[in-house]
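Using the working numbering, read the sequence shown as starting at 819 and increasing by one per residue. Ideal Cβ placement from N, Cα and C applies to all residues, glycine included. All figures in this text were calculated on a predicted structure; none of them were measured in a lab. Beneath this line is the structure, given in structure tokens, with notes to follow.
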Amino acid sequence: MTTTLDAAPAVSSHLHPRASWDVADHPTPTGREEVWRFTPIDRIEPLFLDALSGDNLAWETSLPDGVRIEPISRDEARERSVEPPADRIAAVAAHNAGYAALLTIPEGLELDAPIVIAGTGRDDHVKEHLVIEVGRRARATIVLRYRGHAQFMAKTDVRVGEGAALNMVLVADWDDTALHGGQASYLVGRDAQVRTVAVSLGGKVVRLVDTARFDGPGGSIEQYGLYFADAGQHLEHRLFVDHNEPHTSSNVDYRGALQGEGAHSVWVGNVLIRANATGVTTYEQNRNLVLTDGCIADSIPNLEIETGEIAGAGHSSTTGRFDDEQLFYLMSRGIPAAEARRLVVEGFFADIIRRIGVGELEEKLMDAIRDELAVTVGGAS
819 MTTTLDAAPA
829 VSSHLHPRAS
839 WDVADHPTPT
849 GREEVWRFTP
859 IDRIEPLFLD
869 ALSGDNLAWE
879 TSLPDGVRIE
889 PISRDEARER
899 SVEPPADRIA
909 AVAAHNAGYA
919 ALLTIPEGLE
929 LDAPIVIAGT
939 GRDDHVKEHL
949 VIEVGRRARA
959 TIVLRYRGHA
969 QFMAKTDVRV
979 GEGAALNMVL
989 VADWDDTALH
999 GGQASYLVGR
1009 DAQVRTVAVS
1019 LGGKVVRLVD
1029 TARFDGPGGS
1039 IEQYGLYFAD
1049 AGQHLEHRLF
1059 VDHNEPHTSS
1069 NVDYRGALQG
1079 EGAHSVWVGN
1089 VLIRANATGV
1099 TTYEQNRNLV
1109 LTDGCIADSI
1119 PNLEIETGEI
1129 AGAGHSSTTG
1139 RFDDEQLFYL
1149 MSRGIPAAEA
1159 RRLVVEGFFA
1169 DIIRRIGVGE
1179 LEEKLMDAIR
1189 DELAVTVGGA
1199 S
């Protein structure tokens, strides 16, 4: 399903270093670069190592009839990719991948059951490259779930064909010692609909980069995210939506909670509306809920507009503690303070979790949120 694109001019700025498959074009970061200044370089340094992968994750897959996954060569993975890597971690992953695979959903196939791919780390240093191709008018939900311990680097490329609909869910539910860095690139076909949901709960340091662009007018992408940072955890999400085609739309909504000394979250969103992309609608927002002292939430929305002919564009960012009015409302009806705080946080995340569209996974994630809250909110008086 590879296509030849008349690509828009490459984006090159302090926010968008030049994409390249060559690892040498991505020097080891110092932390002074704009795209790395929030990342704990000393803690994520093992992911910069340009060496062959030691092992793969232990994969369990649930594939409905008609869907296939097969190993491919590094060169074929590059040929089928949406774009080259945007940073060193993704470049190292693609160059040294011990495992490259192609997941294919045929044209016109409509799936009722989700495609579930679960990877478990076994104290490994792992680099992998996954290419996903969704055929024209196909409809599917894909769940990628990561568990265990690993130093994990990944390059993921997703091509969504004309008129197709894809619900893509990524859950980083690592042990607290894991490192995870990766880039997911989406190419949204003409009149296609894409929804992504990124969930970061575990891991010592997680740094995920998502990029999206369009292969024709009429496409839309919705990107939702949920993260919960505990003491000492660093969870970072960076998004870039390139409206390179007219009459396309995007909506971004990421929500995070933080608790414990040294908990750190980073969200950087950027939307570019090119001069030829008239009639575009876009909005991005990030909301952070700080549950204890000693946490840091960095939130930076960006919006670049090169045309005056847009349907609508905007962004927002908020960081704060509990909503006193919501707490007062619940407590005035006899709900104890600790239970009221728990309900407020669950409600804060519920709108994101329900977007997943996989009932069993939604329930597991809500249980995971409750377990997180038991550390602080549930124990408060």
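*For proline 1119, three-class secondary structure by DSSP*: Translated into the one-based positions of the sequence shown, residue 1119 becomes position 301. Proline 1119: strand per DSSP, three-state reduction.
*Range covered by the beta strand (DSSP E) that runs through glutamate 946*: Walking along the sequence shown from the start, residue 946 turns up at place 128. Per DSSP, glutamate 946 belongs to the beta strand (DSSP E) from 933–952.
*Of the residues Ala1075, Gly1130 and Arg965, the one placed nearest asparagine 874, counting alpha carbons only*: Numbered from 1 along the sequence shown, position 56 holds the residue referred to as residue 874. Of the candidates Ala1075, Gly1130 and Arg965, the one whose C-alpha sits nearest the C-alpha of asparagine 874 is Arg965.
*Out of curiosity, what's the CA-to-CA distance linking asparagine 1120 and glycine 1007?*
Numbered from its first residue, the sequence shown carries residue 1120 at position 302. Numbered from its first residue, the sequence shown carries residue 1007 at position 189. Using only the alpha carbons, I get a separation of about 24 Å.
*Cα-Cα, which of Leu921, Lys945, Asp893 and Val934 is closest to alanine 908?*
Taking the sequence shown and counting its residues from 1, one reaches residue 908 at position 90. It is Lys945 whose Cα lies nearest to the Cα of alanine 908.
*With DSSP as the reference, label glycine 1087 as helix, strand or coil.*
Numbered from its first residue, the sequence shown carries residue 1087 at position 269. Here glycine 1087 sits in strand by DSSP.
*For isoleucine 1174 and valine 976, the rounded distance between their alpha carbons*: Here residue 976 corresponds to residue number 158 of the sequence shown, with the count starting at 1. Here residue 1174 corresponds to residue number 356 of the sequence shown, with the count starting at 1. Approximately 18 Å between the Cα atoms of the pair.
*Own chain, CB closer than 8 Å to alanine 1131, minus 5 neighbours either side, in chain order*: Counting from one through the sequence shown, the residue named residue 1131 turns up at place 313. Val1089, Ile1091, Val1098, Thr1099, Thr1100, Tyr1101, Leu1121 and Ile1123, listed in sequence order.
_Does arginine 957 come out as helix, strand or coil in the three-state DSSP assignment?_
In the sequence shown, residue 957 corresponds to position 139, counting from 1. Strand at arginine 957.
*Who are the near neighbours of proline 845 in its chain, counting only those whose CB is closer than 6 Å to its CB and skipping five residues on each side?*
For the purposes of this step, residue 845 is identified with residue 27 of the sequence shown, where counting begins at 1. Within the same chain, proline 845 has no close Cβ partners at all.
*Give me the Cα-Cα distance between isoleucine 871 and histidine 967, rounded to the nearest whole angstrom.*
Sequence index remark: in the sequence shown, residue 871 carries index 53 (1-based). Sequence index remark: in the sequence shown, residue 967 carries index 149 (1-based). It should be noted that the sequence gives serine, not isoleucine, for residue 871. The straight-line gap from Cα to Cα measures roughly 15 Å.
*With contact counted as at least three CB pairs below 8 Å, one residue from each stretch, are the stretch 1067–1074 and the stretch 1029–1039 in contact?*
The stretch 1067–1074 makes contact with the stretch 1029–1039; the number of CB pairs closer than 8 Å reaches 3 or more.
*asked:* On the CB-based measure, 16 or more other CB atoms within 10 Å of its CB, does alanine 1129 come out buried or exposed?
replied: Taking the first residue of the sequence shown as position 1, residue 1129 is located at position 311. Alanine 1129 comes out exposed.
*asked:* Under 8 Å: do the stretch 999–1017 and the stretch 1036–1051 share three or more Cβ pairs, one atom per stretch?
replied: yes
*Is tryptophan 992 buried or exposed, if buried means 16 or more other CB atoms sit within 10 Å of its CB?*
For the purposes of this step, residue 992 is taken as the residue at position 174 of the sequence shown. Tryptophan 992 should be labelled buried.
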